[in-house]
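Number of protein chains: 2
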Amino acid sequence: MAAGIPARRTPGSRTRPGLDAERVVDAAVAIADAEGLPALTLARLAAELGVRTPSLYHHVDGLDGAHRAVALRGMRDLGTALRDAAIGRSGPGALTALADAYRAYALAHPGAYAATQRAPTADDAELRAAAERTTEVVFAVVRHWERDDEELVHLVRAVRSALHGFVALESGGGFGLPAPREASFARLVGIQLAGLEARAAGGAVD
Amino acid sequence: MAAGIPARRTPGSRTRPGLDAERVVDAAVAIADAEGLPALTLARLAAELGVRTPSLYHHVDGLDGAHRAVALRGMRDLGTALRDAAIGRSGPGALTALADAYRAYALAHPGAYAATQRAPTADDAELRAAAERTTEVVFAVVRHWERDDEELVHLVRAVRSALHGFVALESGGGFGLPAPREASFARLVGIQLAGLEARAAGGAVD
DNA sequence: CGTTGGAGACTCATGACATTAGTCTTCTCC
DNA sequence: GGAGAAGACTAATGTCATGAGTCTCCAACG
Numbered sequence: 137m138a139a140g141i142p143a144r145r146t147p148g149s150r151t152r153p154g155l156d157a158e159r160v161v162d163a164a165v166a167i168a169d170a171e172g173l174p175a176l177t178l179a180r181l182a183a184e185l186g187v188r189t190p191s192l193y194h195h196v197d198g199l200d201g202a203h204r205a206v207a208l209r210g211m212r213d214l215g216t217a218l219r220d221a222a223i224g225r226s227g228p229g230a231l232t233a234l235a236d237a238y239r240a241y242a243l244a245h246p247g248a249y250a251a252t253q254r255a256p257t258a259d260d261a262e263l264r265a266a267a268e269r270t271t272e273v274v275f276a277v278v279r280h281w282e283r284d285d286e287e288l289v290h291l292v293r294a295v296r297s298a299l300h301g302f303v304a305l306e307s308g309g310g311f312g313l314p315a316p317r318e319a320s321f322a323r324l325v326g327i328q329l330a331g332l333e334a335r336a337a338g339g340a341v342d
Numbered sequence: 137m138a139a140g141i142p143a144r145r146t147p148g149s150r151t152r153p154g155l156d157a158e159r160v161v162d163a164a165v166a167i168a169d170a171e172g173l174p175a176l177t178l179a180r181l182a183a184e185l186g187v188r189t190p191s192l193y194h195h196v197d198g199l200d201g202a203h204r205a206v207a208l209r210g211m212r213d214l215g216t217a218l219r220d221a222a223i224g225r226s227g228p229g230a231l232t233a234l235a236d237a238y239r240a241y242a243l244a245h246p247g248a249y250a251a252t253q254r255a256p257t258a259d260d261a262e263l264r265a266a267a268e269r270t271t272e273v274v275f276a277v278v279r280h281w282e283r284d285d286e287e288l289v290h291l292v293r294a295v296r297s298a299l300h301g302f303v304a305l306e307s308g309g310g311f312g313l314p315a316p317r318e319a320s321f322a323r324l325v326g327i328q329l330a331g332l333e334a335r336a337a338g339g340a341v342d
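Residue numbers (this note's numbering), protein chains in the order written: chain A, 137 to 342; chain B, 137 to 342.
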C-alpha cells in the first residue's frame, strides 16, 4: 500500500529457478551471439533458462522486449568499450583504437551488435541515450580534425558508416575472398585517417 | 518424359490467377520494399497475389526461397545499376557515380537491398555469381588507384564497407540528427577519394 | 505462530505462420 | 476426345507468441 521498497528478497534465497531480468537478458545475449539474432525466440530463451515461455513475460516485455533489452545491453557495452579505448589518446591513435574496439566488440558479440541496428530509437529514451553515449565518443575523437559542429556531424557519420559497414559485411560473411580481414580493416581505417587529414589540411573535400 | 522444354504455355492464356515465378518475386520485392523485409511472409505474399499460402510453393521454395529470390533480384539489379553508373567514367568521377547509384538503389529498394545482406552465398552459385558481378564493378573502378591485385582487394573492401555502412545506417534510421544526409554522403565519398588519392601518391597508408 | 500478500512459475487457450500431403480443375498437346 | 501435367485448393500438423487465470512458496506483520 504505502510501501516504499517493494519487499526485496534477501539476495540468497530464491523461489523457484530464481529468474530476474538480468539473468534473462544475459541468456538472451548469449543465444543471440552464439546462434544469431533470429534464433533468439522466447521458446528458445525459456528452454535455455529451464522455464516455460509465459514465465518470461514477468521479466521482459515479450519478444520485442527481449530484442530491445539485447539491443540496449549491446549499445551500452559498445559505448563503454569505445570509451575505454579512446581514453588517454587523441588524433590518429584515438581513431585507430576506437576502430579496433568497435570491430572487436562486434566480432565478440555479433548478436548483440546486430540487435543494436534496426533500433526504433524514436520513442525509446533509454536506448536513445545509450546510442548517444556511444556516438559521443566518436564525436570526441573526430573533433581532432574538425572544429565546426555542423561539419563534424558529417564526418562522424562517415566514420560510423565505415566502421559499421565493415563489421556488418564481415560478420555477415560478405567478404568472399580469402584475403586477411585484419589487413582490410587496417586499410579502411587508414583511408579514413588519410581522408580526414587531407580534409583538415587542404580544406573542403567534397 | 524425353521432353526438352517443359511445355511452356503460350504467354497469354492462363489457368487461374496465372501466377509464375516472376510475378511472385515482383510482389515479394514490392512488399519487402514497402513494408520492410520482416513483413515479407508467405501469408502476406499470398494475400497480395490473391492466392492461398500453399500455392506459393509451386513458384518459390518456401519462405527461405522467397527471401533468396528477393536477394537475388536485388543483387542483380544493384549490379546493373552500378555497371550503368560506371560506364564511360573512371577515377574520381566513376567512384562518385558508383556511390550515388549504390545509395540510390538502396533507398529505392530498401527491402531488396536488405535481403541482399545475410546472404548464405556459400552454397548458392547463382547468388554468388550475382554478388561477384556487383563487386567486379567496384574492382574496376578502384583499380584506378591501385594496380596490385592483392592490395586492391583490401581497398575494394574498404569502399564497399563505407557504402554499405552508410546506406544501412541511413535506411535503418541510424542518423538521429537533422543534418542533411546527402551532404554526409558526399563527405563519406570525399573521404574515400582523398584516402585513395593519398594512398596512391604517398604509398602505404596503414 | 498463523495469516496474508505478492512474486514468480505454471497450465490452458488462441491465433498467426510455415509446411506437407492429397485432391480437383482446367489447359495443352497429341 | 483423352492423357497428363501445371497450378490452385482444402485439410492437417507443428512451432511460436501471447494473454488469462491459477497455484505455491517465501517473507514480513500482526
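Note that beta-carbon positions come from the ideal geometry of N, C-alpha and C, so glycine has one too.
Local conformation of residue i per DSSP, three classes
i: G331 of chain B; result: helix
i: S307 of chain A; result: helix
i: S226 of chain B; result: coil
i: D284 of chain B; result: coil
i: A139 of chain B; result: Its pLDDT being 30, under 50, A139 of chain B is placed unreliably in this model, and the value from its coordinates should be taken loosely. Coil at A139 of chain B, not helix or strand.
i: T177 of chain B; result: coil
i: G338 of chain B; result: helix
i: R239 of chain B; result: helix
Where residue i meets chain A, residues with beta-carbon distance less than 9 Å
i: I327 of chain B; result: L291, A294, V295, A298, I327, Q328, A330, G331, L332, A334, R335, V341
i: T257 of chain B; result: G309, G310, G312
i: A304 of chain B; result: Q253, S297, H300, G301, A304
i: A207 of chain B; result: Result: empty, since nearest Cβ-Cβ is about 12 Å, beyond 9 Å.
Residue i, buried or exposed, once every other Cβ within 10 Å from all chains shown has been counted against 16
i: H195 of chain A; result: buried
i: R212 of chain A; result: buried
i: A334 of chain A; result: buried
i: Y238 of chain B; result: buried
i: D169 of chain A; result: buried
i: S320 of chain A; result: buried
i: G338 of chain A; result: exposed
i: L299 of chain B; result: buried
i: T177 of chain B; result: exposed
i: L243 of chain B; result: exposed
i: E306 of chain A; result: buried
i: I327 of chain A; result: buried
i: A217 of chain B; result: buried
i: A222 of chain B; result: buried
i: A248 of chain B; result: buried
i: A294 of chain A; result: buried
Backbone CA spacing between residue i and residue j [nearest angstrom]
i: Y241 of chain B; j: L214 of chain B; result: 6 Å
i: G229 of chain B; j: D259 of chain A; result: 41 Å
i: T252 of chain A; j: R159 of chain A; result: 19 Å
i: A336 of chain B; j: L291 of chain B; result: 11 Å
i: A143 of chain B; j: L155 of chain B; result: Any reading at A143 of chain B is ruled out, since the residue's pLDDT is 31, under 50, leaving its predicted position unreliable.
i: A202 of chain B; j: P246 of chain A; result: 25 Å
i: L288 of chain A; j: D197 of chain A; result: 38 Å
i: V167 of chain A; j: D200 of chain B; result: Before going on, a small fix: residue 167 of chain A reads as Ile here, not Val. When rounded, the distance between both Cα atoms is 22 Å.
i: V161 of chain A; j: F275 of chain A; result: 29 Å
i: A304 of chain B; j: A322 of chain B; result: 16 Å
i: L192 of chain B; j: A205 of chain B; result: 13 Å
i: L208 of chain B; j: A266 of chain B; result: 7 Å
i: L234 of chain B; j: R188 of chain A; result: 52 Å
i: A164 of chain B; j: G210 of chain B; result: 11 Å
i: A250 of chain B; j: G227 of chain A; result: 34 Å
i: G309 of chain B; j: R283 of chain A; result: 26 Å
i: F175 of chain B; j: R296 of chain B; result: Residue identity differs from the one stated: residue 175 of chain B is Ala in this sequence, not Phe. Distance between the alpha carbons of A175 of chain B and R296 of chain B is about 27 Å.
i: V277 of chain A; j: G301 of chain A; result: 19 Å
i: L313 of chain A; j: R279 of chain B; result: 17 Å
i: E171 of chain A; j: G186 of chain A; result: 18 Å
i: I141 of chain B; j: A179 of chain B; result: No answer about I141 of chain B holds up, because its pLDDT of 28 lies below 50 and its placement is not dependable.
i: L332 of chain B; j: T232 of chain B; result: 13 Å
i: A157 of chain B; j: R219 of chain B; result: 26 Å
i: E184 of chain A; j: W281 of chain B; result: 51 Å
i: E268 of chain B; j: P190 of chain A; result: 46 Å
i: A173 of chain A; j: D236 of chain A; result: At residue 173 of chain A the sequence reads Leu, which differs from the Ala that was named. Their Cα atoms are separated by approximately 23 Å.
i: E286 of chain B; j: E272 of chain B; result: 14 Å
Residue interval of the alpha helix (DSSP H) (run including residue i)
i: A166 of chain A; result: 157-171
i: L313 of chain A; result: No alpha helix (DSSP H) contains L313 of chain A, which DSSP labels as neither H nor E.
i: V273 of chain B; result: 261-278
i: G247 of chain A; result: 246-252
Within chain B, partners of residue i - CB distance below 7 Å
i: E171 of chain A; result: Simply none; closest approach about 14 Å.
i: R279 of chain A; result: Within chain B, no residue comes near R279 of chain A; the closest Cβ sits about 15 Å away, beyond 7 Å.
i: R323 of chain A; result: H290, L291, A294
Interface residues of chain A facing residue i [CB-CB closer than 8 Å]
i: E286 of chain B; result: A315
i: A319 of chain B; result: H290
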